[in-house]
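S.K.: In terms of the UniProt record's numbering, the sequence shown opens at residue 1 and continues consecutively. Provided herewith is a single structure, encoded as structure tokens, for subsequent inquiry.
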Amino acid sequence: MRSIISLLLLLFLFIMIFALLGMQVFGGKFNFNDNQDKPRQNFDSFWQALLTVFQILTGEDWNVVMYDGILAFGGVGSFGAVACIYFIILFICGNYILLNVFLAIAVDNLADAESLTTIEKEEEEEEDGAQDANALNPQDNNNSSPCRQVQNLHLFGAHPRARVQVKKFESKKASVRMLSKMINPRWIT
């Protein structure tokens with residue numbers, strides 16, 4: 001969750017910086033004719049610049065805004081061709097890098113949440129199996145070892161993963177006994 005918040009903060013900062021830069025470079029220059037209305041996508045005010053940068057990041061008619069920026073500086077023949085560098089950098093860095101990193105982090109967090117949910121379900125199933133074993137064998141609860149109770153879980157529909165864990169535990173227990181016999185045979189009864 002922290003990674004999403006920090007990336008959203010970075011994305012907002014990126015949008016703000018390019019909006020302010022667009023206001024400095026293109027502010028008030030999208031008024032081409034007095035006969036026509038000013039295009040909706042412009043950099044005349046801060047809020048309009050934020051919306052224009054967001055529109056460019058989403059890819060919605062970003063090339064039209066770029067062509068207006070080129071026309072604002074005299075067209076392709078003059079300095080206007082250099083003005084398109086702003087739009088290309090904004091589109092590539094914003095759309096292909098920042099937004100895709102945001103999507104990757106969101107998908108990763110969703111996958112982590114899903115795996116945690118799966119692990120929690122498995123733990124609940126193991127606990128339910130252990131409670132069923134205790135309920136069905138009350139005489140064994142007092143005098144049998146926990147290892148013996150875990151061994152009997154397979155009788156009550158325990159998860160296969162629990163059975164594998166029991167087998168691993170039993171093999172480790174046998175290895176420890178064998179090692180302790182080799183060290184001092186009197187320790188093992």
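Even glycine gets a Cβ: it sits at the ideal position worked out from N, Cα and C. Here the structure is a predicted model, which means the values were calculated and not measured.
For Pro39, which of Gly69, Arg177 and Ile119 has the nearest alpha-carbon?
M.R.: When only C-alpha atoms are compared, the closest one is Gly69.
S.K.: The alpha helix (DSSP H) with Gln48 in it runs from where to where?
M.R.: Element bounds for Gln48: Phe46 to Thr58.
S.K.: Please tell me whether Ala83 and Phe73 are closer than 8 Å, where the distance is taken between their beta carbons.
M.R.: Closer than 8 Å, so yes.
S.K.: So Ala11 and Phe102 are supposed to be a Cβ contact under 8 Å. How far apart are they, rounded?
M.R.: Rather than Ala, the amino acid found at residue 11 in this sequence is Leu. With 8 Å as the limit, Leu11 and Phe102 qualify as a contact, their Cβ atoms being about 6 Å apart.
S.K.: So, under 8 Å CB-CB, Gly28 and Asp44 are touching, yes? Tell me the CB distance rounded to an integer number of Å.
M.R.: Between Asp44 and Gly28 the Cβ distance is about 6 Å, and since that is below 8 Å, they are a contact.
S.K.: Taking 8 Å as the threshold (C-beta atoms), are Gln41 and Thr58 in contact?
M.R.: For Thr58 and Gln41, no; Cβs fall outside 8 Å.
S.K.: In the DSSP assignment, the alpha helix (DSSP H) including Arg40 goes from what residue to what residue?
M.R.: First-last for Arg40: undefined, no H or E at that position.
S.K.: If Gly94 and Phe32 are in contact, beta carbons under 8 Å, what's the gap, nearest whole angstrom?
M.R.: Going by Cβ atoms, the distance from Gly94 to Phe32 rounds to 26 Å, so no, they are not a contact pair.
S.K.: Does DSSP put Glu3 in a helix, in a strand, or in coil?
M.R.: Correcting the residue type first, residue 3 is Ser in the shown sequence and not Glu. Of the three classes helix, strand and coil, the one that applies to Ser3 here is helix, per DSSP.
S.K.: Taking only the alpha-carbon atoms, compute the straight-line gap between Asn143 and Leu116 and give it to the nearest angstrom.
M.R.: At Asn143, the pLDDT of 47 sits below 50, so the modelled position is not reliable and the matter cannot be decided from this model.
S.K.: Where do the ends of the alpha helix (DSSP H) carrying Gly80 lie?
M.R.: Counting along the chain, the alpha helix (DSSP H) containing Gly80 begins and ends at Gly80 to Phe91.
S.K.: What separation, rounded to the nearest whole angstrom, lies between the Cα atoms of residue 200 and Phe46?
M.R.: Given that the chain is displayed from residue 1 to residue 189, the structure contains no residue 200 and the question cannot be resolved.
S.K.: How many Å lie between Leu71 and Gln36 at the Cα?
M.R.: Looking at the two C-alpha atoms, the distance is approximately 15 Å.
S.K.: On the premise that Ile89 lies in contact with Ile4, defined as a C-beta separation below 8 Å, what is that separation, rounded to the nearest angstrom?
M.R.: Not confirmed; about 25 Å, so no contact.
S.K.: Check for me: the alpha helix (DSSP H) holding Ile70 runs from which residue to which?
M.R.: Looking at the DSSP string, the run of the alpha helix (DSSP H) that includes Ile70 is Trp62 to Ala72.
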